[in-house]
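Novice: Here my numbering runs 9 ahead of the position in the sequence shown, where the first position is 1. Glycine included, each C-beta is placed from N, C-alpha and C at the ideal position.
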Amino acid sequence: MAAESLRDTPWMVPKISDPMFSEAGGTSDMIFFIAAAIKHAEPLSPKHEDITNIIEKYQPWRIDLCQGPDRWNSAWNSIRWILSKSPAFEPEPLMKGHWRMTGMPLVRTPDQLSSRIMTEAERSAYLTWLGELAPIINEPEGPPV
């Protein structure tokens, strides 16, 4: 399954060893193999370093594709950024620095991926997530008047 078709099914979390993660793939599907690494680590909730190590073990070419003089740290920073920005992931409340899946689709927010290039499924999943948060986002601050 190519990254494009993965993006059309944002609820799917492939196995880290899935053949769709071929060397021909780039880093555009990073969110999917981060999710696959978290699923691979279950029942533990991994730290972002653990996620990077899992990716390096199963898909070392992903680390090699990262930019900068220290590719491992570049990959590590990218993974941390994606974890913190996607509604699909959240910090583990009882284990500082650990991450888990939220049950939300593997979708990026517009600060990660322009809505102009999102697939219809990604756009729909993002808008659903945004709609669920709308009452919180639009809630007035302070005591009720």
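1) If you check the beta carbons only, do alanine 45 and proline 69 fall under 8 Å apart?
2) Under 8 Å, with one C-beta from each stretch per pair, do the stretch 102 to 113 and the stretch 71 to 87 reach the 3-pair mark?
3) With distances taken from CA atoms, which of Leu74, Met39 and Ala134 is nearest glycine 112?
4) In the DSSP output, what is tryptophan 108 paired with across the bridge?
5) Compute the Euclidean distance between the alpha carbons of leucine 115 and lysine 66, then round it to the nearest angstrom.
6) Compute the Euclidean distance between the alpha carbons of isoleucine 64 and threonine 128, then round it to the nearest angstrom.
7) Whole-angstrom Cβ separation of alanine 97 and methionine 110, contact assumed at under 8 Å?
8) By the three-class DSSP mapping on this structure, what secondary structure does lysine 94 have?
9) In three-state terms, what does DSSP make of lysine 56?
10) Consult DSSP for serine 133 and reduce its assignment to one of helix, strand or coil.
11) Report all residues from its chain with a CB closer than 6 Å to the CB of histidine 49; omit the five preceding and five following residues, and keep chain order.
Specialist: On the basis of the data shown:
1) no
2) no
3) Ala134
4) Pro100
5) 22 Å
6) 25 Å
7) 6 Å
8) helix
9) strand
10) helix
11) Ile25 and Ile63
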